[in-house]
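These notes concern the structure reproduced below.
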């Protein structure tokens with residue numbers, strides 16, 4: 005069979021745990037590695053090769069001259085290549101060494117050996133994934149492991165990929181900070197990794213320094229914003245700038261695409277700097293514009309640090325802490341009391357769901373007309389977290405069943421001066437006059453944290469009522485929390 009057929013045979017056999025023609029060395033070890041196309045699988049491959057090197061002290065000739073061992077090596081090589089192909093969304097064409105020689109210029113033909121026994125063509129990229137096994141099993145330098153090989157290959161492909169303008173997601177910053185791959189890659193990732201992005205004002209000064217260093221290379225604006233990995237570099241830093249500013253200011257942060265942002269400014273023009281905008285508190289900001297002013301502005305007068313300092317010094321609305329406590333009288337409309345209590349009930353429900361380390365599914369509370377009952381609608385059926393949240397938010401805003409109110413519960417973040425914390429988020433919409441909207445975030449420490457599960461003081465992130473009514477809102481909200489018997493709130497409360 006040719007190499008295309010060989011790749012399919014070996015990968016299918018591994019996936020289905022079926023026999024391999026000619027036999028397979030150490031099949032149990034391959035099954036334990038779990039070639040499941042996750043980043044963790046690359047680390048498991050590296051660990052397996054490390055164990056084999058220590059136990060066997062193998063030579064390349066042992067693998068080329070032994071069919072079961074050759075099949076073992078090819079299974080891993082084909083998997084590494086297919087992993088790259090899946091992430092690049094391109095097919096790989098597997099060929100033998102002799103076939104590769106016929107397709108490559110003489111100046112680019114590799115020497116014959118274990119590392120070049122099989123090769124793959126992935127678009128413009130030429131792959132020899134057996135280099136990983138050659139380096140990890142037989143060589144002294146051990147510079148190329150599976151993770152590095154994959155990262156280098158994808159970086160090469162990503163450097164040629166063009167952006168469609170809508171690929172970025174704010175959560176990609178979390179992937180980068182966790183040292184995980186960002187779809188499309190991020191240019192200057194090594195330099196970014198050295199910045200110590202710790203959410204401090206000083207970190208923004210370090211970002212300014214990196215941006216000035218890139219500016220000094222005289223980048224061309226058009227190609228820079230058109231390539232996906234350099235566009236991701238700008239989007240990542242804009243996301244970090246907005247998030248850090250929100251933390252330093254203790255205000256809410258909401259991301260908007262161009263179409264949503266036009267509700268704030270109907271005259272806004274569509275360009276790269278307006279692909280993603282953010283609302284800090286109640287005001288629209290353009291962090292991409294600040295980044296690009298540093299990179300491409302005629303004077304380079306932009307500054308991430310000064311951007312954050314301006315917002316901190318402004319009167320942008322801050323998060324309001326909701327506290328238990330009496331008030332002299334309640335002046336807010338009676339029609340708001342039940343919806344606010346139900347919002348508190350849902351906050352306690354969310355705390356109950358995550359208290360033992362579980363996931364918080366996006367859930368919508370809907371009252372049943374003519375009764376005192378309500379139903380909870382779980383939106384995880386609509387797909388992953390983002391799709392479920394979008395569907396739930398759509399129902400909340402559109403109110404297709406013409407209900408008096410709805411409460412939407414989901415997991416999010418609280419941007420606080422002490423850091424960005426996991427949060428239970430409760431969105432309330434009361435549709436009948438007098439209308440009322442409210443978003444409350446409840447920061448929490450997850451069960452796996454050092455202190456275990458703790459809920460912290462709820463914060464009023466957004467509210468259509470005057471800030472002076474916050475104490476009254478807090479009373480009704482905590483009444484709702486206390487009405488939920490699934491969790492003893494005070495047993496887990498920490499300011």
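Numbering (my numbering), first residue to last: 5 to 499. A virtual CB, placed ideally from N, CA and C, is assigned to each residue, including glycine.
Close Cβ partners of residue i (< 6 Å) along its chain, the five nearest in sequence each way excluded
i           : result
residue 306 : 294, 297, 298
residue 105 : 113
residue 143 : none
residue 99  : 7, 123
residue 356 : 490, 491
Burial state of residue i (16 or more Cβ within 10 Å)
i           : result
residue 201 : buried
residue 500 : In the structure as shown, the chain begins at 5 and stops at 499. Residue 500 is therefore absent and cannot be evaluated.
residue 227 : exposed
residue 289 : buried
residue 212 : buried
residue 457 : buried
Proximal residues to residue i (C-beta, below 7 Å), its chain only, five neighbours per side dropped
i          : result
residue 48 : 37, 38
residue 56 : 62, 141
Residue i to residue j span [Cα, whole Å]
i           : j           : result
residue 425 : residue 101 : 53 Å
residue 209 : residue 82  : 45 Å
residue 249 : residue 471 : 22 Å
residue 408 : residue 169 : 39 Å
residue 322 : residue 232 : 35 Å
residue 280 : residue 311 : 17 Å
residue 157 : residue 131 : 8 Å
residue 161 : residue 427 : 37 Å
residue 189 : residue 198 : 17 Å
residue 345 : residue 180 : 39 Å
residue 25  : residue 152 : 31 Å
residue 43  : residue 436 : 49 Å
residue 238 : residue 167 : 12 Å
residue 382 : residue 103 : 54 Å
residue 171 : residue 308 : 23 Å
residue 484 : residue 353 : 10 Å
residue 282 : residue 120 : 50 Å
Delimiting residues of the alpha helix (DSSP H) encompassing residue i
i           : result
residue 223 : Element bounds for residue 223: n/a, residue is neither H nor E.
residue 486 : 474-487
residue 83  : 71-92
residue 13  : 7-20
residue 278 : Residue 278 -> no alpha helix (DSSP H), and no H or E assigned at all.
residue 441 : Per DSSP, residue 441 belongs to no alpha helix (DSSP H); it is in the beta strand (DSSP E), 440-449.
residue 106 : 101-107
residue 41  : Neither: residue 41 is in no alpha helix (DSSP H) and is coded neither H nor E.
residue 237 : 232-253
Neighbourhood of residue i by C-beta, 8 Å cutoff - its chain only, sequence neighbours within 5 removed
i           : result
residue 27  : 71, 72, 75
residue 23  : 17
residue 87  : 41, 45, 46, 154
residue 320 : 253, 255, 284, 285, 286, 287
residue 177 : 240, 243, 244, 247
residue 54  : 140
residue 434 : 339, 340, 343, 408, 409, 440, 441
Residue interval of the beta strand (DSSP E) (run including residue i)
i           : result
residue 467 : 463-467
residue 378 : 378-382
residue 291 : No beta strand (DSSP E) holds residue 291; the alpha helix (DSSP H) holding it covers 291-300.
Checklist entry - Taking one C-beta from the stretch 473-481 and one from the stretch 321-340 each time, how about it: are there three or more such pairs within less than 8 Å? => result yes
Checklist entry - Counting Cβ pairs closer than 8 Å, one from the stretch 339-346 and one from the stretch 397-405, do we hit at least three? => result no
Next on the checklist: Check whether the stretch 269-280 and the stretch 213-224 touch, using three or more Cβ-Cβ pairs below 8 Å as the test.
Outcome noted: no
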